[in-house]
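See below for the structure under consideration.
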């Protein structure tokens, strides 16, 4: 889970480094794709269900 969050943060950082005001639409599309991928990675990491371990009760 932490790996997905780290990847998302790196992608967000890269998309911030590439300014969105560039005239070149190819770079703008890459920045948008980086934002989308980072958002998807964060959603996937946060929505992943962790099953609780089976609890053994001593009676």
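Residue numbers (our numbering): 1197 to 1255. Cβ atoms here follow ideal geometry from the backbone N, Cα and C, with glycine treated the same way. Remember, predicted model here, so these are calculated numbers, not experimental data.
(message) Taking the beta carbon of residue 1209 as the centre, do at least 16 other beta carbons fall within 10 Å, making it buried, or is it exposed?
(response) exposed
(message) Using only the alpha-carbon positions, how far apart do residue 1206 and residue 1233 sit?
(response) 11 Å
(request) Take residue 1231 and list the residues in its own chain whose beta-carbon comes closer than 6 Å to its own, dropping the five residues that flank it on each side. (result) Closer than 6 Å at Cβ, skipping near neighbours: 1211.
(request) Keeping to the same chain, check which residues put their C-beta closer than 7 Å to that of residue 1200; ignore five residues upstream and five downstream. (result) 1237, 1240, 1241
(message) Let me confirm a value: residue 1204 is counted as buried when at least 16 other C-beta atoms fall within 10 Å, else exposed. Which label applies?
(response) By the neighbour-count criterion, in which a residue is buried when 16 or more other Cβ atoms sit within 10 angstroms of its Cβ, residue 1204 is buried.
(message) Just verifying my parser: in three-state terms, what is the DSSP assignment at residue 1244?
(response) Secondary structure of residue 1244 (DSSP, three-state): coil.
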